[in-house]
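These notes concern the structure reproduced below.
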Amino acid sequence: MSTLPDALSTPATSAAPRLVVMDVDSTLITAEVIELLAARAGSLDAVADITDRAMRGEIDFAASLHQRVATLAGLSTSVFGDVLAEVELTPGAVELVAELDARGWPVALVSGGFVEVVEPLAASLGITRFRANGLEAHDGVLTGQVRGPVIDRAAKAIALREFAAEAGIPLEQTIAIGDGANDLDMLDQAGFGIAFNAKPLVCGQADAVVRGRLDDVLALAPFTLAG
């Protein structure tokens with residue numbers, strides 16, 4: 041497994057773009073959105089414990105998601121605006137997205153979080169490709185149910201393949217970045233998988249491990265090698 045070099049290499053100059061697919065919670069942003077929501081529902085401690093166990097791979101992600109979302113029943117949908125205002129981008133996230141945009145490399149977000157937050161977050165960064173879970177609501181109130189199929193680790197890998205096909209980029213030219221067990225299939229499917237500020241299980245299975253700023257990934261070979 042490769043590690044982050046001490047210094048940046050020469051930037052990539054190849055005309056052939058790569059697709060970069062990123063997880064959102066604890067990767068693109070510093071927080072777990074489900075925990076920000078749970079704090080407003082009075083269920084933070086229970087939800088944080090379930091989230092941590094799921095990201096370590098100790099419990100099934102889909103089951104954990106349903107358990108956590110159930111605690112949000114009764115919240116007003118206005119909570120999404122409050123949470124979005126609280127979300128902080130990971131240091132280096134803006135710089136990374138700007139650099140990839142300058143190179144003409146497509147970027148996609150694939151999240152086990154919620155589209156109600158991911159969609160406006162993506163728009164703020166100029167990202168048009170994203171996939172995330174939806175939260176069911178009735179009369180402006182969350183029901184505690186997930187809307188549509190769960191974006192679990194298998195669904196994340198499928199999304200990466202579909203985004204690559206849509207962009208006309210071979211899988212071997214794709215890069216995935218994530219931190220939890222839910223990202224493992226996506227990291228394995230990609231041409232190069234990066235564990236960012238990740239759990240030990242993920243670090244042990246990724247092609248590279250990066251800790252610190254998100255734009256530190258630009259020092260890795262897929263970003264610096266032409267072709």
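Residue numbers (the numbering used here): 41 to 267.
Glycine included, every Cβ here is placed at the ideal spot set by N, Cα and C.
- Between A133 and L254, the alpha-carbon positions lie close to 5 Å from each other.
- Under the three-state reduction of DSSP, T214 is assigned to strand.
- Under the 8 Å Cβ criterion, the region 196-214 does not count as touching the region 101-111, having fewer than three qualifying pairs.
- Per DSSP, the continuous alpha helix (DSSP H) segment holding Q107 begins and ends at F101 to A110.
- By the Cβ rule, the region 218-229 counts as touching the region 237-244, because three or more pairs are nearer than 8 Å.
- Using a Cβ-Cβ distance cut-off of 8 Å, the region 80-99 and the region 128-147 are not in contact, since fewer than three pairs of beta carbons, one from each stretch, lie closer than that value.
- In the displayed model, G233 falls within a strand according to three-state DSSP.
- Annotated three-state conformation of R193 is helix, per DSSP.
- Per DSSP, R171 is not a residue of any alpha helix (DSSP H); the beta strand (DSSP E) it occupies stretches across R169 to H178.
- The C-beta distance from P189 to R58 rounds to 27 Å, too long to fall under 8 Å, and the pair is not in contact.
- Taking a 10 Å sphere around the C-beta of G180, we find fewer than 16 other C-beta atoms and assign the residue as exposed.
- In this structure, the straight-line span from the alpha carbon of T111 to that of H178 is close to 16 Å.
- Between the C-alpha atoms of T117 and I74 there is a straight-line separation of about 14 Å.
- Membership of G152 in the beta strand (DSSP E) is indicated by the continuous run V147 to F154.
- For L77, the uninterrupted alpha helix (DSSP H) run begins and ends at V73 to A81, by DSSP.
- Under the three-state reduction of DSSP output, L182 falls in the strand class.
- Between the beta-carbon of V147 and that of V137 there is about 6 Å, and that keeps the pair under the 8 Å contact cut.
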